[in-house]
Amino acid sequence: MNNTLITILGPTATGKTDFAIRLAQKINTEIISSDSRQMYREMKIGTATPGKIELNTVPHHFIGNLSIHDYYNASMFEEEVLSLLGEFFTKFSQVIMVGGSGMYIDAVCEGIDELPVVDPQIRMKLQEQYKKEGIESLRIQLKLLDPEYYKTVDLKNPNRILKGLEISIMTGKPYSSFLTKKKKHREFRILKIGLALPREILYQKIDRRVDLMVESGLIEEARKLYPLRSLNALNTVGYKELFSYFDGDINRAKAIELIKRNTRHFAKRQITWFKRDPKINWIHPDEFEKAVKICQDS
RNA sequence: GGUGCCAUAGCUCAGUUGGUAGAGCACAGGACUGAAAAUCCUGGUGUCCCUGGUUCAACUCCAGGUGGCACCA
């Protein structure tokens, strides 16, 4: 069993895309994207999706494979990637996965518990309840339906409480009874390479990239999606700020400034997520040869 | 040149009837098993412009200086 999934990760704007393409060419393999937003074909500019030239250089998977109208989650990603890897490992001994969506990466590498798909009706009802009656009403209900989960959940985070309630109501069993917290065994080895930059440099790169996105037509892209703004996929940095601009709440310059700031916040959250994974081999994006060596030694 | 106002955190500003100071944003740290580029939690980071004076004690009061703004010449 020498098959290896090489996972390239790190915060946004560190140059993961180019790095992965170079590496894929070097070791002659294909690329799986682990980016939860580059999957949406309508959101190319704002998510820094690789362009045609890049996609033609090395075959990519999970890029533009979804519409913003589609429902998708980390568990579905786990399943699809595993199935694809089963096929790939008959052709390649090493496959590259690249992206910055921590939970999606973990779902593939460590697995995620099986949960039933939630009926959209139940979700909508609960969201109505949250809007009308506030978070306290959700807490009371959760304490009743899943006292176990109630003890450990962040009671200030509506999304977490809503998730627990959705599953508990849907199945008639407490949400916590589905959680095993057990890591799943994989039939391949996993090698994690993290790209890291000093904070100051990272922030400069983010600012520059946002300006580039605007030059490449981000505003026009967002304008087209504006009527669909309520879709979850569009609750994304780079789009939500422009929607506020279209609403007339802020001006164009302010929107661009906010995109930069919110991208910085996003990068920080990614860094925090990755920090707790001791298996990541951190390198500077310029240290390509070091990565090659890590791959050969593995 | 004269008069007036201002000078406090990275920024915008509050405040202390004299006991070394606090908001928003920025920024930093963290949580996170299904919509995750989402959602949520925590933290003040300071030569209070400078130099003297008064005082047990000055960021606060007084004088001078420096810088900024406004008005008058």
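Position in the first sequence counted from 1, then plus 1, gives you this note's numbering. Where is the CB? At the ideal position from N, CA and C, for every residue including glycine.
DSSP places G165 within a helical segment (H, G or I) once states are collapsed to three.
Residues I69, H70 of the same chain have their beta carbon placed closer than 7 Å to that of L232, with the five preceding and five following residues left out of the count. Secondary structure at V215: helix, using DSSP grouped into helix, strand and coil. A distance below 6 Å between beta-carbons, with the five flanking residues on each side excluded, links N4 to the following residues of its chain, in chain order: F90, S94, F189.
By the criterion of at least three beta-carbon pairs nearer than 8 Å, the region 216-233 is not in contact with the region 11-26. Annotation for V293: the continuous alpha helix (DSSP H) segment containing it runs 289-298.
Within the region 50-80, the complete alpha helix (DSSP H) segments of 4 residues or longer fall at 53-58, listed in chain order. Contact check for K45 and E222: beta-carbon distance about 7 Å, within the 8 Å limit, so the pair qualifies. If you compare the alpha carbons of L163, G47, P12 with that of N236, the shortest gap goes to G47. Counting only residues of its own chain and dropping the five nearest sequence neighbours on each side, Y240 has a CB closer than 6 Å to the CB of G47, A223. Secondary structure at S34: strand, using DSSP grouped into helix, strand and coil.
Close CB contacts of L192 within its chain, under the 6 Å cut and outside five residues either way in sequence, are with T5, I7, S299 (chain order). DSSP, read as helix, strand or coil, puts Y41 in strand. Using a Cβ distance threshold of 8 Å, F78 and A108 count as a contacting pair. For I284, the closest of L196, D278, G249, T273 by C-alpha to C-alpha distance is L196. In this chain, the alpha helix (DSSP H) harbouring L259 covers 253-276. Secondary structure note for V109: it is in no beta strand (DSSP E), and the uninterrupted alpha helix (DSSP H) holding it is 103-111.
Between Y131 and L139, the CB-CB gap stays under 8 Å.
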